[in-house]
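Before any comments, here is the structure.
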Amino acid sequence: SFDSLIKRFRKVLAKDGILQDVKRLQYYEKPSEKKKKEILAARRRMQRKSRREG
């Protein structure tokens with residue numbers, strides 16, 4: 398049905414990260430802000446990784 402088709406389509410978009418890209422590109426982000434976000438994301442990844450390893 399149409400509802401299941403929409404649900405599958407949204408799942409594919411979420412999996413591919415297309416919606417996140419659209420939201421991210423909706424407004425201009427200064428290079429300094431972009432770099433700051435990347436550094437914070439990397440720090441979070443490292444903390445998660447160290448917690449998982451023990």
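The sequence shown begins at 398 in the numbering used here and counts up by one. Even glycine gets a Cβ: it sits at the ideal position worked out from N, Cα and C. Since we're looking at a predicted model, the values are computed, not measured.
Keeping to the same chain, check which residues put their C-beta closer than 6 Å to that of residue i; ignore five residues upstream and five downstream.
{"i": "residue 438", "result": "none"}
Just checking my contact of residue i with residue j at CB under 8 Å: how many whole Å lie between their CB atoms?
{"i": "residue 402", "j": "residue 410", "result": "That pair is no contact at about 13 Å."}
Can you look up residue i in the DSSP assignment and give me helix, strand or coil?
{"i": "residue 423", "result": "coil"}
Taking the alpha helix (DSSP H) that residue i falls in, what are its first and last residues?
{"i": "residue 398", "result": "Segment: none, residue 398 is in no alpha helix (DSSP H) and carries neither H nor E."}
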